[in-house]
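Have a look at the structure below before the remarks.
Numbering (the numbering used here), first residue to last: 4 to 295.
This is the structure in structure tokens:
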């Protein structure tokens, strides 16, 4: 199995890692709903549990972390830690203030920001097939949005838009530093999110169910998902990673519908099919290109 992984083309490896992380992330909206707790309490526990889980892992494996030598690069690493903590916070705030489907649909705009930031700041050319895939996927998102997504509020949708911008910027900075370990960045971002939540949270007044759900989120689901998505930027571009995140647009509402009986409009399935087909074709073209 290890030999098979080592022989795998780097693009294929990055694509599989990204999709695995996205599959885990797709349960995020469902987990936030199941927690049934104030949103700042969820941010507090998610942040600190992510931090403690990854810190323990690094301690056991004796992993260390040093900042880059250049001052500018150090500030960029600090910026990506703050952006990553913002992703954790903004997702919870958005789901708490608007429909889960609204959040994941607006989050699908992140490939636009990742492609823009990569082109402007990294001078990294974006392949025509990636641009075409982004536009096709966004067309699918528009179909989903046309399904009559209701119940959203302006502030919740605004949080989701900020989340899309932060995610695109975060992935672009990670692409700039492929050799920087991802684990410490995610660990520190959890601490930052937990610190931001302290003035607004009452974390020791939750129900047993809430503690169980945030425990699964903070110890298993989110650390592993965030690590996989961050690691994928070593092998594929940030717009391609963001494109994989569009799969969450489909799966997120489906999990909520399946377990909580929250109806999903028919057009969501149609638009979701367009998104999944787009990601599949884009990945297949990337595989052919890497083999050639």
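Note that CB positions come from ideal geometry on N, CA and C, so glycine has one too.
By DSSP, does residue 128 sit in helix, in strand, or in coil? In the structure shown, residue 128 adopts coil according to DSSP, grouped into three states.
Sequence-distant residues of its chain with Cβ nearer than 7 Å to residue 200 (five each side left out): Hits under 7 Å: 43, 46, 47 and 50.
In chain order, which continuous runs of the alpha helix (DSSP H) of length 4 or greater are located wholly inside the segment 242-272? Complete alpha helix (DSSP H) runs here, min 4: 250-263.
Counting pairs of beta carbons, one from the segment 160-178 and one from the segment 116-135, are three or more of them closer than 8 Å? The segment 160-178, when compared against the segment 116-135, does touch it at the 8 Å Cβ threshold.
Which two residues bound the contiguous alpha helix (DSSP H) that contains residue 89? The continuous alpha helix (DSSP H) containing residue 89 extends over residues 74-100.
Given a cut-off of 9 Å, decide if residue 212 and residue 31 are closer than it, judged by their beta-carbon atoms. No, the pair does not count as a contact, with Cβ atoms beyond the cut-off.
Within the same chain, show all residues whose beta-carbon is closer than 7 Å to that of residue 175, passing over the 5 residues directly before and after it, in chain order. Same-chain partners within the cutoff: 117, 120, 121, 124, 125 and 241.
Please list, in chain order, all residues of the same chain as residue 79 whose beta carbon is under 6 Å from its beta carbon, the five residues on each side excluded. Result list for residue 79: 176, in chain order.
Between which two residues does the alpha helix (DSSP H) containing residue 105 stretch? Here the alpha helix (DSSP H) through residue 105 covers 103-110.
Can you find the residues in the same chain that come closer than 8 Å, C-beta to C-beta, to residue 219, ignoring five residues on each side of it along the sequence? Hits under 8 Å: 34.
C-beta neighbour in chain C for residue 286, strict 9 Å: Absent from the structure: chain C. Only one protein chain is present.
Do you know whose CA, among 84, 260, 104 and 23, lies nearest residue 186's CA? With distances taken between CA atoms, residue 186 lies nearest to 84 out of 84, 260, 104 and 23.
Beta carbon of residue 289, beta carbon of residue 132: below 9 Å? Taking 9 Å as the Cβ cut-off, residue 289 and residue 132 qualify as a contacting pair.
According to the Cβ coordinates, are residue 204 and residue 53 closer than 9 Å? Result no, Cβ atoms of residue 204 and residue 53 do not sit closer than 9 Å.
Burial state of residue 146, where buried means 16 or more other Cβ atoms lie within 10 Å: With 16 or more other Cβ atoms within 10 Å, it is buried.
May I ask which residues mark the beginning and end of the alpha helix (DSSP H) holding residue 214? Unbroken alpha helix (DSSP H) run through residue 214: 211-219.
Check residue 236 in the structure and name its three-state DSSP category. Residue state, collapsed to three classes: coil.
Consult DSSP for residue 291 and reduce its assignment to one of helix, strand or coil. Helix at residue 291.
Check residue 224 in the structure and name its three-state DSSP category. Residue 224: helix per DSSP, three-state reduction.
Is it buried or exposed for residue 40, if we count other Cβ within 10 angstroms and need 16 for buried? Of the residues assessed, residue 40 falls on the buried side of the cut-off, its CB having 16 or more other CB atoms within 10 angstroms.
Pick helix, strand or coil for residue 180, following the three-state DSSP scheme. It is coil, neither helix nor strand.
At which residues does the alpha helix (DSSP H) containing residue 13 begin and terminate? Looking at the DSSP string, the run of the alpha helix (DSSP H) that includes residue 13 is 13-28.
Spatial neighbours of residue 17 within its chain, please: C-beta separation below 6 Å, excluding the five flanking residues on both sides. Cβ neighbours of residue 17 within its own chain (closer than 6 Å, five residues either side excluded): 235, 238 and 239.
Output yes or no for whether 9 Å exceeds the beta carbon distance between residue 159 and residue 101. The Cβ-Cβ distance between residue 159 and residue 101 falls below 9 Å.
Residue 32 - containing alpha helix (DSSP H), residue span: From DSSP, the alpha helix (DSSP H) with residue 32 extends over 31-38.
Inter-residue spacing [alpha-carbon to alpha-carbon] between residue 275 and residue 257: Linking residue 275 to residue 257 through their CA atoms gives a straight-line distance of about 10 Å.
When the Cα atoms are used, what is the spatial distance from residue 208 to residue 62? Straight-line Cα distance between these residues: approximately 30 Å.
So is residue 292 buried or exposed if we call it buried at 16+ other beta carbons inside 10 Å? Under the 10 Å beta carbon count, residue 292 is surrounded by fewer than 16 other beta carbons and is classified as exposed.
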